Amino acid sequence: MSKIDKLTIDQTRLVEEWKSMMPRTLEKTDQARVWADEADPQALRVHITTSGHTGYTFDFKVTYVDSREVKVELTDVEQGTTHIDERTDIIQALVDDYVRHIHECAQALQQVTHA
């Protein structure tokens, strides 16, 4: 009989842990907001604002596959209040970088999520 490795931490506590850890995994000048995904108790929403004059914001859905692994989905990219094409090289490079930071944050929180 195999034990299923599921996320057992309360979503509210998970959000609090992410709020404290996420800024430590990003560049100091970037900003992140984290909140619960109301439709999915295994998921969080992460909104990242890039530093500098570009005014880019990125929205991600972070879903726990199990207590250690997350699936990260880009849900939106904007520049100011305008939705922009996320397929450009510059945006793809930023997305890849932020996805890596999100995975780093999840890894750093394993002592909390992997009970």
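Going by this note's numbering, the sequence shown opens with residue 360, and the numbers climb by one from there. Backbone N, C-alpha and C fix where the C-beta goes; we use that ideal spot for every residue, glycine too. Source: prediction; values computed, not measured.
Counted within 10 angstroms of its Cβ, other Cβ atoms place residue i as buried (16 or more) or exposed
i: Met360; result: Only weak support exists for where Met360 lies, its pLDDT of 43 falling under 50; the coordinates are left without a value.
i: Lys430; result: exposed
i: Glu397; result: exposed
i: Ala391; result: buried
Residue i (DSSP reduced to helix, strand or coil)
i: Asp444; result: coil
i: Asp456; result: helix
i: Leu433; result: strand
i: Lys378; result: helix
i: Cys464; result: helix
i: Thr367; result: coil
i: Met360; result: Confidence at Met360 is low in this model, with a pLDDT of 43, below 50, so its placement is unreliable and the value that follows should be read with caution. Residue state, collapsed to three classes: coil.
i: Leu385; result: coil
Beta strand (DSSP E) segment containing residue i, residue limits
i: Thr408; result: Ala402 to Thr408
i: Arg392; result: Gln390 to Ala395
Reference residue i, options the options, closest by Cα
i: Thr441; options: Leu468, Ile449, Cys464 and Thr413; result: Thr413
i: Val458; options: Asp425, Leu385 and Ala395; result: Leu385
i: Ile437; options: His406, Asp425 and Lys420; result: A small fix is needed here, since residue 437 is Glu in this sequence, not Ile. Closest by alpha carbon: His406.
i: Ser379; options: Trp394, Ser410 and Gly439; result: Trp394
i: Asp389; options: Val421, Glu445, Thr472 and Leu453; result: Leu453
i: Ala465; options: Thr367, Tyr423 and Pro400; result: Tyr423
Bridge partners - residue i, DSSP secondary structure assignment
i: Gln438; result: Tyr415 and Thr441
i: Thr422; result: Ala402 and Lys430
Segment limits, alpha helix (DSSP H) that includes residue i
i: Val471; result: Gln469 to Thr472
Residue i: CB within 7 angstroms of a non-hydrogen atom of the ligand MN
i: Gly414; result: Of the ligands one can find in the structure shown there are none, so the ligand MN has no counterpart to examine.
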